[in-house]
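Just so you know, the protein sequences line up as chains A and B, in that order.
Read left to right, the first sequence gives residues 464 to 731 (my numbering).
Read left to right, the second sequence gives residues 4 to 482 (my numbering).
Data block below; observations after.
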Amino acid sequence: MRHPLYLLGGLLLALISLPGHGADYLPVPGGRFRSALPVDDKPVTVAPFLLRSQPVTNAEFQAFVSRQPQWQRGKVPSLLAGGSYLSHWADPVRPGDIAPNIPVTHVSWFAASAFCESEGARLPRWHEWELAAAADAQRADARQDPAWRARILRWYERPATGSLPPVGRDANLWGITDLHGAIYEWVEDFNGLFVTVDSRSQGEQKTLETCGAAALSLDDRENYAILMRIAMLSALAGRDTLSTLGFRCARDVPATPPAAAPIKRETS
Amino acid sequence: MKNLLKVTAVATLTALASLTVSGAVNSQKAPAAVKAENLPVIHQTLVAPPALPPQITRKTPARVVVELTIEEVEREIAQGSTYTFWTFGGTVPGKMIRVREGDTVELHIKNLASSKLPHNIDLHSVTGPGGGAPQTLLAPGQEGVFSFKALDPGLYVYHCATAPVGMHVANGMYGMIMVEPKEGMSKVDREYYVMQGDFYTTSGYRAGGLQPFDMQKAIDEKPTYVVFNGADRALTGKNALKANAGEKVRIFFGVGGPNLTSSFHVIGAIFDKVYFEGGSRYQEHVQTTLVPAGGSAIVEFVPKVPGNLTLVDHSLTRAFNKGAVGLLAVTGPDRPDIYSKGIIKASSAAATLPAHGEEGGNAEPPPHDKAPSHNIGQAVFEKNCVACHQANGQGVPGVFPPVANSDFMQKNPEEAARIVLGGRAGEITVNGIKYNSVMPPQDLSDNEVAEVLNYINVKYNNGKPVLTPEQVKKLRATK
């Protein structure tokens, strides 16, 4: 990729700064990125960041609600988690028949944010998520490959009736798995995606819900899979939960001295 | 008034959660404040196309409450081929809404929890930005309410406007709303609701199995299917539209698209009136009317003689190769003064292979009833087979397989009959050469199928008659 240094620094950091338990945060190099949601019609610049390699699972979320009972179903205020919050679990503290190693879904944005905070992390921002999800196993940006796009698109076409696959599938170039073909994912700024700081342009930018406006404000219009993800996020409020909506967390890369020697990253 | 719900929802969420909400519809129920006007409330029951709600007899405005459920469903796009449709009300096109000019429409929309995608609705009958789309963007499991005043009469398309909108529409998310003028519509005997749509699949026309959406074909505007009411043959066979001769028929015709316009035509009828573009004025004595994507027309005509009238997009390869065909079956007494039986005979008694296009000679007496058996087979062959398999059954190398001197015909007469009955798509090997084309099912009687195959076997394969109508009947039952 264009910024080997980012990669390098991030990798070192990840190895140093991870807390002891399960969750694996891997470095994703930033850089200038052509987003489907450009800012002022320009590519965006994404700082390097660390991303949880896998979505948060039922088992991990179960541990979280036992540590922080205020996030248990029935205890959390409905303002922060809608009626179907964890509704698929057998009871407020156990998933029951739901497999422990599949992504947790039916979680609100507020609950997801609280979980990430408990790991010393935050939800990824849209542009971070989009950049990480642009990679396939070999390429940092596979979005121009029609075959890859078509494969991703398949998932969106099927109604949400089947059960979810276990996490850990389809690691991409950065080692991040399950970005496609499993769940929608919350992002930190899901609600501000369509508002620019320039109030004069808000009238145009905010109306993504109408087709004409969407055609005007969206870039990368041939990437239907990403557009559907954006449409879904724009349809949500922070308390909403869905059977197909989960999350993973991200961390900033703390300032660090430049690394001494290049390290080659292994890809599987 | 129009934005009351949205404003309330946004205000609630913003105040309580310090979030800006971008067009989201609150899943809570509509506030009672929407009942500001003192109009009688009417709940409209929606029905599956080609049916539609009855004509409106009301002379005063009302508040019409409509409930529409958004469902993603897998069902047949052609016999043996399925597709994942996204629908309003579980049907393609979406169920028709019918109101009167000046009515207030209160739309309750629900997106089923089993949906994978968010959806919304943009009604062309709405005056205001987005046509209702911003107010109705619903994630799976959410429901919302949107009301608008039907200011202008006409036949309007509605559709989903969620990005990528082309794909939502390509998957069947369109329907129509009829806003009747204040003075009402003239009385007719039959009303039908038909919409044309183009569908894009990775595999070919009638390829079988679940056919996935093909994004590139959609962008290139190269549809696999162009069909009426959401499926190949949705309006044929037992699903054909019906009328009696002399009845006044009105078709509410629309094009969902997403891309193609329709040259809408009914073979064997002349439209007495066409309310072109779904508006208030009409043209008279129309053969074919052009209907844009996202547009409509109301056509009225009176079939006068019995038989099948065929609805087509007169961009004809769509009709004959992609499915844009429907039938209106008309019953009633013959009217030879309007429509004679016609007479066709060979111009020379010795001719063995008369070509098409010879003069019929209308003044000739009718032919004898009992023609020798092989003549039925020959007639069927010339009418149905020669266009592709050629006049002497030799086929077109690499395109249409031969039926003359054909190992396939000689070895598999029953399979040949199955193909005639049910059509066939995909690879087939004849005389050692591979063909990969499509043959549509032939609309023939058991006797005609037996006759034509026997004719081919005797005349072109030095064989004997091999099939009886009874055998064909059995094959038809088991196909």
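Where is the CB? At the ideal position from N, CA and C, for every residue including glycine.
For this session: Say whether chain B places a C-beta atom closer than 8 Å to the C-beta of A:Ser498.
Result: No, A:Ser498 lies away from the interface with chain B (no Cβ there is under 8 Å from its Cβ).
Exercise. Who are the near neighbours of B:Ser440 in its chain, counting only those whose CB is closer than 7 Å to its CB and skipping five residues on each side?
Worked result: So the qualifying residues of the chain are Val402, Phe403.
Exercise. Chain A beta carbons: is any one of them nearer than 8 Å to that of B:Thr87?
Worked result: Chain A contact via Cβ: present.
For this session: Identify whether B:Asn464 lies in helix, strand or coil by the three-state DSSP scheme.
Result: DSSP, reduced to helix, strand and coil, places B:Asn464 within a helical segment of the structure shown.
Problem set entry | Burial state of A:Leu636, where buried means 16 or more other Cβ atoms lie within 10 Å | Within a 10 Å sphere around the beta-carbon of A:Leu636 sit 16 or more other beta-carbons, which makes this residue buried.
Problem set entry | Which listed residue (B:Thr205, B:Ala210, B:Val44, B:Val148) has its alpha carbon closest to that of B:Arg427 | From the listed residues B:Thr205, B:Ala210, B:Val44, B:Val148, the smallest Cα separation to B:Arg427 is found for B:Ala210.
Exercise. In chain A, what lies closer than 9 Å to B:Ala487 by C-beta?
Worked result: Residue 487 of chain B is absent from the structure shown; chain B starts at 4 and stops at 482.
Exercise. Which term fits A:Leu705, buried or exposed, when burial requires 16 or more other beta carbons within 10 angstroms of its beta carbon?
Worked result: Buried is the call here.
Exercise. Exposed or buried, B:Leu154, counting other C-beta atoms within 10 Å across all chains shown (16 or more means buried)?
Worked result: Exposed: under 16 other Cβ atoms inside 10 Å.
Exercise. Contact check, B:Tyr285 vs B:Val294 under 8 Å by CB: the rounded distance?
Worked result: About 14 Å separates the beta carbons of B:Tyr285 and B:Val294, which is beyond the 8 Å limit, so they are not a contact pair.
Problem set entry | Span separating the alpha-carbon of B:Ser350 from that of B:Glu451 | Taking C-alpha positions only, B:Ser350 is separated from B:Glu451 by approximately 24 Å.
Exercise. In chain B, which residues lie less than 8 Å from A:Pro622 when you measure between Cβ atoms?
Worked result: The answer, in chain order, is Glu75, Val76, Glu77, Thr87, Ser117, Ser118, Lys119.
Exercise. Exposed or buried, which one is B:Gly429 when buried takes at least 16 other CB atoms within 10 Å?
Worked result: Exposed, since its Cβ has fewer than 16 Cβ neighbours within 10 Å.
For this session: Pick helix, strand or coil for B:Arg193, following the three-state DSSP scheme.
Result: In this structure, DSSP gives B:Arg193 an extended state, which the three-state scheme calls strand.
For this session: Quick one: which unbroken alpha helix (DSSP H) runs of 4-plus residues sit fully inside the region 378–405 of chain B? Chain order, please.
Result: Taking only runs of at least 4 residues, the alpha helix (DSSP H) segments lying wholly in the region 378–405 of chain B are 389–392.
Exercise. Taking the C-alpha atoms as reference points, what is the distance between B:Gly260 and B:Glu70?
Worked result: Roughly 24 Å between the two C-alpha positions.
Exercise. Buried or exposed: A:Leu594, going by 16 or more other Cβ atoms within 10 Å of its Cβ?
Worked result: Burial call: buried.
Exercise. Which chain A residues sit within Cβ distance under 9 Å of B:Pro215?
Worked result: Those are Ala613, Leu616, Arg617, Glu620, listed as they occur along chain A.
Problem set entry | Per-residue contacts from A:Glu685 into chain B (C-beta, under 8 Å) | Within 8 Å Cβ-Cβ: Met218, Ile222.
For this session: Pick helix, strand or coil for B:Pro309, following the three-state DSSP scheme.
Result: Three-state DSSP puts B:Pro309 in coil, outside helix and strand.
For this session: May I ask you to list the residues that DSSP assigns as paired with B:Val148?
Result: For B:Val148, which the question treats as bridged, DSSP gives the partners B:His111.
For this session: Select from the region 155–172 of chain B all residues with a C-beta closer than 7 Å to any C-beta belonging to chain A, and list them in chain order.
Result: Flagged, chain order: Ala164, Thr165, Ala166, Pro167, Val168, Met170.
Problem set entry | Interface residues of chain B facing A:Leu690 [CB-CB closer than 7 Å] | Here the neighbours are Ala166, Pro167.
Exercise. What number of angstroms, rounded off, separates the C-alpha of B:Thr94 from the C-alpha of B:Thr48?
Worked result: In a straight line, the C-alpha of B:Thr94 is about 15 Å away from that of B:Thr48.
For this session: Give a yes or no on whether 8 Å exceeds the smallest Cβ distance from B:Gly249 to chain A.
Result: No, its Cβ sits nowhere closer than 8 Å to a Cβ of chain A.
Exercise. For B:Phe256, which of B:Asp316, B:Val383, B:Gly240 has the nearest alpha-carbon?
Worked result: Ranking the options by Cα distance to B:Phe256, first place goes to B:Asp316.
Exercise. With distances taken between CB atoms, is the gap from B:His122 to B:Met179 smaller than 8 Å?
Worked result: Result no, Cβ atoms of B:His122 and B:Met179 do not sit closer than 8 Å.
Problem set entry | Inter-residue spacing [alpha-carbon to alpha-carbon] between B:Val76 and B:Ser118 | Answer to the nearest angstrom: the Cα atoms are 9 Å apart.
Problem set entry | Contacts around B:Lys113, its chain only, beta-carbon distance under 6 Å, and the 5 residues preceding and following it disregarded | When the five nearest sequence neighbours on each side are left out, the beta carbons in the same chain lying within less than 6 Å of the beta carbon of B:Lys113 are those of Thr72, Glu146, in order along the chain.
Exercise. Is the shortest distance between the beta-carbon of B:Pro309 and the beta-carbons of chain A less than 8 Å?
Worked result: It does not: the Cβ of B:Pro309 has no partner Cβ on chain A nearer than 8 Å.
Problem set entry | Pair within 8 Å by beta-carbon distance, A:Gly709 and A:Val528 | No, the pair does not count as a contact, with Cβ atoms beyond the cut-off.
Exercise. Which bits of chain A does B:Pro261 rub up against, with CB to CB less than 9 Å?
Worked result: Residues of chain A passing the Cβ test: none, with the nearest at roughly 10 Å.
Exercise. Near B:Glu183, what residues of its chain come up, given a Cβ to Cβ distance below 8 Å and the 5 sequence neighbours on each side ignored?
Worked result: In its chain, beyond the 5 residues on either side, Gln58, Ile59, Arg101, Val102, Arg103, Glu104, Pro156 have a beta carbon closer than 8 Å to the beta carbon of B:Glu183.
Exercise. Considering only residues of the same chain and omitting the five flanking positions on each side of B:Pro443, which have a CB-CB separation below 7 Å?
Worked result: The residues are Gly426.
For this session: List the residues of chain A that B:Gly97 touches, going by C-beta distances under 7 Å, in chain order.
Result: Near B:Gly97 there are no residues of chain A at all, since even the closest Cβ is about 16 Å away, more than 7 Å.
Exercise. Quick one, are the C-beta atoms of B:Ser409 and B:Asn464 less than 8 Å apart?
Worked result: Between B:Ser409 and B:Asn464, the gap from beta carbon to beta carbon is short of 8 Å.
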